[in-house]
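For reference, each letter of the sequence shown is one residue, going 1 to 355 in the UniProt record's numbering. A quick write-up on the structure given underneath.
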Amino acid sequence: MHFSYGGGMNYGLPVPYTTQITPSLSNGTQIHISGTPTGSRFEINLRSYQNDIVLHVNPRFDDGAIILNSAPQGNWGSEERHALPFHRGARFTMVILATDRSFKIAANNGHVCEFYHRSPMHLAQQVEIKGDVTLESVQVYPGTGPMGFPPMGGDMAFAPPSFPSAFGGNPGFCPPPPSSQPAFGGGMGYCPPPPSSQSTFGGFTPGFGSPSAPPSMPNAGVPSIQSCRINTGSRIFVQGFIPVGANRFELNLLQGYSDGDDIAFHFNPRFDTRTIVKNHRRNGQWGQEENQPFPHHMPLAPGAPIHLQISCQMDKYTIFMNNHLIAEFYHKIPPGSVMALQYKGDITITSVGQM
């Protein structure tokens with residue numbers, strides 16, 4: 001499996017900075033930007049090679065506002081002003097989500113504003129960032145193809161589904177049942193919905209709900225449960241953000257759909273002690289904790305994006321971050337009994353996928 005993230009994951013970037021949007025901007029494309037404002041204003045432009053600016057995002061500290069605009073064929077339209085979500089000198093993380101009708105913008109895990117399309121979004125071919133900002137990372141995640149699947153090609157790209165929790169959507173990625181599922185070679189794993197009594201998700205509605213409905217704020221620290229089935233060879237992909245000031249979060253592979261069910265694997269990074277705690281829970285009783293220090297190469301810190309892969313092998317789970325092995329946990333409970341993934345604590349999840 002080849003990982004493709006469009007413009008890629010780029011860190012420690014020069015400003016001005018430009019990266020390509022590959023494949024073209026489409027419904028569900030997410031652009032993740034992190035950095036630190038250093039002066040009066042900076043700007044983020046989604047633009048074409050022909051000088052069309054499809055989206056202009058311009059935080060202005062000297063004006064106390066964030067300005068949204070567009071410039072088809074170089075001609076600026078009317079400005080839209082919103083409250084400024086940033087502070088000069090304070091690190092930020094921004095997500096720009098493309099939908100069929102608009103761009104939705106979140107910052108520091110909260111919805112900020114929305115900009116309805118004035119020109120076709122597929123015209124945007126580049127992300128351009130310039131002005132008074134120190135740029136840490138820019139990540140472009142492709143949108144989804146038909147039925148919410150990642151775009152198909154020679155290699156399958158794992159793209160975040162269009163349910164980022166900062167916009168109030170369901171963060172889980174559940175493909176349709178296998179009978180209606182397109183062929184991907186190995187294929188994406190089927191995630192059946194939780195029982196009707198499980199209220200964590202509500203109804204499953206592709207997209208972000210009604211475009212006219214105001215997005216809800218994220219529920220940092222509130223546990224969520226996503227149905228999934230685990231067997232030898234299964235892989236779970238988790239992407240999101242660690243909020244600034246975070247102490248710890250956990251991912252649990254549950255033998256049911258409720259917070260009190262047994263846990264086949266408990267993964268618990270603790271920033272306050274710089275340790276990773278691993279465990280299991282059987283018949284309501286926790287096992288012996290397995291503790292390890294944060295690996296030196298582990299880019300896991302409050303305020304940073306997180307990209308995890310949990311792989312189920314014959315005898316153990318392996319956990320990768322940014323393609324680096326960071327932890328292992330030998331099975332105490334058969335993985336075939338796992339029914340759901342739970343995430344809770346200081347983490348905002350933007351996508352969950354399974355293969």
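Just so you know, even glycine gets a beta-carbon here, dropped at the ideal spot from N, CA and C.
- In this model, P14 and L46 are separated by some 18 Å (Cα to Cα).
- P72 sits in a helix when the DSSP states are folded into three classes.
- Take R248, set aside five residues on each side of it, and the residues of its chain with a beta-carbon closer than 8 Å to its own are N268, P269, R270, F271, D272, G345, D346, in chain order.
- Inclusion of S34 and F61 in the CB contact set at 8 Å is not warranted, their separation being larger than that value.
- The beta carbon of S311 lies closer than 6 Å to those of R235, T318 in the same chain, with the five residues before and after it left out.
- A Cβ-Cβ separation of about 13 Å leaves I306 out of contact with F294 under the 8 Å criterion.
- Listed in chain order, the beta strand (DSSP E) runs fully inside the UniProt domain "Galectin" (17 to 141) are 17 to 20, 30 to 47, 53 to 60, 65 to 71, 80 to 83, 92 to 98, 102 to 107, 110 to 116, 126 to 141, counting runs of at least 3 residues.
- With fewer than 16 other beta carbons inside 10 angstroms of its own, A90 counts as exposed.
- Comparing alpha carbon positions, the residue from E289, R81, Y49, Q125 closest to F115 is R81.
- Secondary structure at G353: strand, using DSSP grouped into helix, strand and coil.
- Straight-line spacing of the CA atoms in N27 and R88 works out to 32 Å.
- Following the DSSP letters along the chain, one finds M321 inside the beta strand (DSSP E) bounded by residues 316 to 321.
- Under DSSP, A327 forms a beta bridge with I319.
- Residue state for P302 is assigned as coil, using DSSP reduced to three classes.
- Measuring C-alpha to C-alpha distances from A301 to each of Q288, M321, H56, N283 identifies M321 as the nearest.
- Assignment of G336 by DSSP, reduced to helix, strand and coil, places it in the helix class.
- Scanning D259, V238, S137, H111 for the CA closest to the CA of L308 turns up V238.
- Q20 and N58 have their C-alpha atoms roughly 20 Å apart.
- Here H280 is near K332, since their CB atoms are less than 8 Å apart.
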